[in-house]
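Here the working numbering is used: the first residue of the sequence shown is 5, the next is one more, and so on.
Single-structure report; data block below.
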Amino acid sequence: MMKHSDCIYFVNIDVFKGMCKRDKNIIKADDKACDYFERGRKCKFCSHFQLIEEETGTCMDTYDAYPEMFAVTCYDFTES
């Protein structure tokens, strides 16, 4: 299930909630994504990411990475 926090329009406010960039509404991060959902560039969605433990992994077997981290400046991001 995709959730709000996986969307490109989600902006974190705190650990539990955020704001939608589209309509400026406050939304819960873990609620089910809406109809306007567009999957963001998170490490967990990249083919180079490998999950090691529940909350950590590696990128290209070299760099530490977190599944929930947005790959904003990553030039090697490849949609999985």
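Glycine included, each C-beta is placed from N, C-alpha and C at the ideal position.
Because the structure is a prediction, the values reported are computed rather than measured.
About 6 Å separates the beta carbons of F49 and E83, which is inside the 8 Å limit, making them a contact pair. According to the DSSP assignment, M23 belongs to the beta strand (DSSP E) that extends over K21 to C24.
A contact between stretches requires three or more CB pairs, one per stretch, nearer than 8 Å, and the segment 35 to 47 meets this requirement with the segment 69 to 78. D35 sits in coil when the DSSP states are folded into three classes, being neither helix nor strand. Annotated as proximal: D35 and K7, with beta-carbon spacing under 9 Å.
Distance from the CA of T60 to the CA of S51, rounded to the nearest whole angstrom, comes to 15 Å.
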